[in-house]
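Visitor: Would you mind keeping the following structure in view while I ask a few things?
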Ligand code: SF4
Ligand code: SF4
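Residue numbers (our numbering), protein chains in the order written: chain G, 3 to 318; chain Z, 11 to 228.
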């Protein structure tokens with residue numbers, strides 16, 4: 003059976019993360035993440051390096067290719083191999099994202115078509131990380147058309163988290179607290195919970211065969227259950243979900259509170275209280291973003307580790 | 011009033027969430043059924059190449075001497091934890107000598123990014139060229155029969171190639187030649203598939219890759 007482990011799992015995670023970061027900045031630039039936003043740059047800067055680093059991990063995981071690197075160039079050869087598609091997609095994405103970042107850095111307007119091509123390639127990158135596994139009939143647990151869906155949603159979510167985190171630390175000049183971002187993230191996390199549920203429903207329906215159920219059991223109740231429930235479901239999904247729900251509730255009330263505050267004579271006190279509260283929620287927000295990323299990495303590792311071959315190699 | 015409303019709201023959203031989950035689960039289940047139907051239609055006994063040769067294993071004749079495995083290892087010097095041929099056995103006394111099955115739809119060849127695998131048009135033998143292999147491990151996941159293995163020393167995959175050089179020069183594969191009881195033989199799949207298939211004692215569904223091997227249980 004295969005030997006894929008941490009390196010491949012991290013590679014799949016980074017592919018999605020970089021793609022998601024690009025798409026976050028793209029969405030911010032196009033105004034989907036609120037009118038005032040500080041997310042429209044960092045994602046562009048980090049996307050190419052992250053995906054490139056991931057690709058480097060894939061290469062260090064090679065056997066003979068590591069000793070004879072000239073063989074690697076042949077990985078462009080087989081058009082029926084999803085891995086070959088991936089090599090094309092990743093190369094193109096790294097290239098385009100790098101140019102786009104250069105434009106952003108020079109504060110020049112990049113041609114619109116460049117940004118759009120980058121966004122399409124980013125989506126392709128995220129989808130590819132799922133497709134790579136989904137086409138393998140030899141591993142029934144992976145062999146599900148919902149696999150790329152789960153990976154794409156998780157890529158968007160982790161990308162948004164990373165970009166928010168980095169913007170918080172590196173875009174200090176203009177901190178903006180856009181409720182739109184929380185709303186989008188709430189939506190993404192919900193989608194991820196839904197797609198993971200559908201993924202398991204599909205497997206337990208039996209249509210993927212008995213071995214896929216054994217893999218799923220590893221995650222839900224057996225050796226991998228602890229990281230699954232604790233890191234992925236609780237910390238990575240349900241925790242953030244609860245937080246974003248609460249945030250969007252608070253923010254609905256916020257405009258009212260602001261008005262009241264302006265009317266109040268004693269402006270100092272409530273403002274101070276408000277700041278304390280917002281610093282707290284700011285920290286929670288950062289924690290949440292971190293947790294989403296931990297969840298995303300856990301997801302990739304668990305999916306890779308839970309791979310059981312369609313046949314265990316024994317006579318029954 | 012407002013309290014009430016909120017409770018109601020959350021209850022409603024729980025119901026909504028539940029409905030949504032159900033719908034998504036249903037969507038998850040539907041199309042696969044359709045895909046499955048398509049798959050059975052696509053199922054093919056027709057060879058993909060001009061000719062397809064394959065192995066035949068007759069369990070009743072096998073005396074479990076493992077000559078087939080031994081001669082293969084001595085000839086091709088594979089590492090013992092990366093075998094080209096194995097004699098599988100279980101506690102019940104069942105056995106199966108198996109290598110690569112030179113499948114009609116080789117999953118290995120489909121996924122290998124560097125095209126290390128070729129399927130010969132002349133006889134359907136699937137040959138893997140180790141000198142091209144980068145050792146990505148993708149084919150190890152794709153092959154349902156655990157035929158390709160990474161040789162530790164070289165970091166490259168290798169597997170059974172049906173002794174194609176011997177066959178080209180007119181003789182048969184080593185394993186078949188050395189089997190004392192003719193439990194392991196080879197032949198044209200057109201004839202072999204009349205006698206059996208590889209739906210054998212827990213082996214994976216032959217529909218995945220259409221293996222060119224039959225096993226006749228005792
Ligand atoms: S048995 Fe495995 S390695 Fe051999 S041809 Fe079939 S899929 Fe490829
Ligand atoms: S391990 Fe070698 S033979 Fe197998 S898919 Fe990768 S490059 Fe091809």
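We treat Cβ as the ideally placed atom computed from N, Cα and C, and that holds for glycine.
Count the CB pairs spanning the region 188-195 of chain G and the region 40-54 of chain G that are closer than 8 Å, and state whether there are at least three.
Guide: The answer is no - the region 40-54 of chain G does not touch the region 188-195 of chain G, with fewer than three Cβ pairs under 8 Å.
Visitor: Below 9 Å between beta carbons: does that hold for residue 158(G) and residue 22(G)?
Guide: Their beta carbons are under 9 Å apart, which means residue 158(G) touches residue 22(G) by this criterion.
Visitor: In whole angstroms, what is the alpha-carbon distance linking residue 8(G) and residue 303(G)?
Guide: Each residue's alpha carbon lies about 7 Å from the other.
Visitor: If contact means a Cβ-Cβ distance below 8 Å, which residues of the region 81-93 of chain G contact chain Z?
Guide: Within the region 81-93 of chain G, the residues whose Cβ lies closer than 8 Å to some Cβ of chain Z are 82, 83, 84, 85, 86, 89, listed in chain order.
Visitor: Could you check if residue 225(G) is buried or exposed, using at least 16 other CB atoms within 10 Å of its CB as the buried criterion?
Guide: It counts as exposed.
Visitor: Regarding residue 145(Z) and ligand 2, is the C-beta to nearest heavy atom distance less than 8 Å?
Guide: Residue 145(Z): yes, Cβ under 8 Å from ligand 2.
Visitor: Between which two residues does the beta strand (DSSP E) carrying residue 135(Z) extend?
Guide: Unbroken run through residue 135(Z): none, as it is neither H nor E.
Visitor: For ligand 2, I want to know if residue 138(Z) counts as a neighbour, meaning its beta carbon is within less than 8 Å of at least one of the ligand's heavy atoms.
Guide: Yes, Cβ of residue 138(Z) sits closer than 8 Å to a heavy atom of ligand 2.
Visitor: Can you tell me whether residue 127(G) is helix, strand or coil according to DSSP?
Guide: Correct three-state label for residue 127(G): helix.
Visitor: Identify whether residue 97(G) lies in helix, strand or coil by the three-state DSSP scheme.
Guide: Helix at residue 97(G).
Visitor: Shorter than 9 Å from the beta carbon of residue 209(Z) to some beta carbon of chain G?
Guide: Judged by the 9 Å Cβ criterion, residue 209(Z) is not in contact with chain G.
Visitor: Quick one: is residue 113(Z) near chain G, going by C-beta distance under 9 Å?
Guide: Not one chain G Cβ lies under 9 Å of residue 113(Z).
Visitor: Could you work out which residue in 162(Z), 105(Z), 133(Z) is closest to residue 146(Z) when comparing CA atoms only?
Guide: The shortest Cα separation from residue 146(Z) among 162(Z), 105(Z), 133(Z) belongs to 162(Z).
Visitor: Which partner residues of residue 166(Z) appear in the DSSP bridge assignment?
Guide: 161(Z), per the DSSP bridge assignment.
Visitor: DSSP three-state call for residue 302(G): helix, strand or coil?
Guide: If DSSP states are grouped into helix, strand and coil, residue 302(G) belongs with the helices.
Visitor: Name the two residues that bound the continuous beta strand (DSSP E) containing residue 38(G).
Guide: It is not in any beta strand (DSSP E) - residue 38(G) carries neither H nor E in the DSSP assignment.
Visitor: From the beta carbon of residue 153(Z), is the nearest beta carbon of chain G less than 9 Å away?
Guide: Answer yes: the Cβ-Cβ gap between residue 153(Z) and chain G drops below 9 Å somewhere.
Visitor: In three-state DSSP terms, what is residue 307(G)?
Guide: Here residue 307(G) sits in helix by DSSP.
Visitor: DSSP state of residue 178(Z), grouped into three classes?
Guide: Helix at residue 178(Z).
Visitor: Going by Cα to Cα distance, which pick from 70(G), 203(G), 232(G), 132(G) is closest to residue 141(Z)?
Guide: Among 70(G), 203(G), 232(G), 132(G), the Cα nearest to that of residue 141(Z) belongs to 70(G).
Visitor: Locate the alpha helix (DSSP H) running through residue 218(G), then write down its first and last residues.
Guide: Taken as a continuous stretch (DSSP letters only), the alpha helix (DSSP H) holding residue 218(G) covers 212-222.
Visitor: Could you tell me which of 184(Z), 82(Z), 158(Z), 185(Z) sits nearest to residue 140(G), measuring between CA atoms?
Guide: Comparing Cα-Cα distances from residue 140(G) to each of 184(Z), 82(Z), 158(Z), 185(Z), the minimum goes to 158(Z).
Visitor: State buried or exposed for residue 91(Z), treating a residue as buried only when at least 16 other CB atoms are found within 10 Å of its CB.
Guide: With fewer than 16 Cβ atoms within 10 Å of its Cβ, residue 91(Z) is classed as exposed.
Visitor: Does the beta-carbon distance from residue 143(G) to residue 214(G) come in below 9 Å?
Guide: Against a cut-off of 9 Å, the Cβ pair of residue 214(G) and residue 143(G) comes out as a contact.
Visitor: Just how far apart, CA to CA, sit residue 148(G) and residue 207(G)?
Guide: Taking the straight line from one Cα to the other gives about 14 Å.
Visitor: How would you label residue 268(G), buried or exposed, when you count the other beta carbons within 10 angstroms and need 16 or more for buried?
Guide: In this prediction, residue 268(G) has a pLDDT of 46, which is less than 50 and means its spatial position is unreliable; what the coordinates show is noted afterwards. Classification for residue 268(G): exposed.
Visitor: Step through the CB atoms of chain G and report whether any lies within less than 9 Å of the CB of residue 104(Z).
Guide: It does; some Cβ of chain G falls within 9 Å.
Visitor: What residues from the region 118-138 of chain Z come within 7 Å of chain G, judged by C-beta to C-beta, listed N to C?
Guide: Cβ contacts with chain G: 120, 121, 122, 123, 124, 125.
Visitor: Could you tell me the alpha carbon to alpha carbon distance between residue 106(Z) and residue 97(Z), rounded to whole angstroms?
Guide: Using only the alpha carbons, I get a separation of about 6 Å.
Visitor: Report whether the distance from the Cβ of residue 157(Z) to the nearest heavy atom of ligand 1 is below 8 Å.
Guide: Result yes, Cβ under 8 Å from ligand 1.
Visitor: Please classify residue 65(Z): does DSSP put it in a helix, a strand, or coil?
Guide: Correct three-state label for residue 65(Z): strand.
Visitor: In chain order, what residues of the same chain have a beta carbon less than 8 Å from the beta carbon of residue 121(G), not counting five sequence neighbours either side?
Guide: Excluding sequence neighbours, residue 121(G) sits near 24, 25, 28.
Visitor: So, with DSSP's three-state summary, where would you put residue 225(Z)?
Guide: Note: residue 225(Z) maps to strand in three-state DSSP.
Visitor: DSSP on residue 197(Z), reduced to helix/strand/coil?
Guide: Reduced to three states, the DSSP call for residue 197(Z) is strand.
Visitor: Measuring CB atoms only, is the region 63-83 of chain Z touching the region 180-198 of chain Z, in the sense that at least three cross pairs come out at less than 8 Å?
Guide: With a cut-off of 8 Å, the region 180-198 of chain Z and the region 63-83 of chain Z count as touching, because enough Cβ pairs lie within range.
Visitor: Between which two residues does the alpha helix (DSSP H) holding residue 21(G) run?
Guide: Segment 8-31, the alpha helix (DSSP H) holding residue 21(G).
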